[in-house]
Amino acid sequence: MSDLVVTCPKTFWEEWIAEGDPVGAAWSGTEWGWYLTSRSRPPINVGDRLYVVAHGRLRGYAPVTALRGLSFDLKDGSDGVRGVYMDAADLDASPPYHGVDQWCICRRGDAVAVTIPGPVKGFQGWRYAWWPREQEIPFPNWRAVA
1 MSDLVVTCPK
11 TFWEEWIAEG
21 DPVGAAWSGT
31 EWGWYLTSRS
41 RPPINVGDRL
51 YVVAHGRLRG
61 YAPVTALRGL
71 SFDLKDGSDG
81 VRGVYMDAAD
91 LDASPPYHGV
101 DQWCICRRGD
111 AVAVTIPGPV
121 KGFQGWRYAW
131 WPREQEIPFP
141 NWRAVA
């Protein structure tokens, strides 16, 4: 289990919520992704949790449904403008990930609003979840900024 935590920038918060399938909404049939601009493969797998921090609080998580590498390399089939998504399982079968420019941690519906006691300072990139799951509490007011 490698649950990871990311931060949604304050300036992107409302847009991110409007993107689709927030907590409590039925699954729209669309797969959503959290993009990491690092070329290094994040240590997360299908079934793990991706937690989101915003405005100083842990807001919740979504189960990971896929991990995909995004390549703009012509030899991977990109036209140089539009990237090509490659499933991590295929990439794992033939590393290195030289062609991967970004990673996309995918989710569908099933987001869960939880938090932990106390503030959480935002950060760039990702971190491992540092608390035990037993410490998580429901967060019905997860959208509130203040």
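The numbering used here numbers the first residue of the sequence shown as 1 and each following residue consecutively. All C-beta atoms, glycine included, are put in the ideal place defined by N, C-alpha and C.
query	result
Three CB pairs or more closer than 8 angstroms across the stretch 14 to 21 and the stretch 131 to 140	no
Residue interval of the alpha helix (DSSP H) (run including Trp16)	Trp13 to Glu19
Straight-line Cα distance separating Cys8 from Pro119	15 angstroms
Strand pairing of Ala93, partner residues [DSSP]	Answer is none; Ala93 lacks a bridge partner.
Reference Trp130; option with closest CA among Arg49, Ala144, Asp73 and Gly29	Arg49
Whether Cys106 touches Ala54 by CB criterion (8 angstroms)	no
Ala88 - DSSP class collapsed to helix/strand/coil	helix
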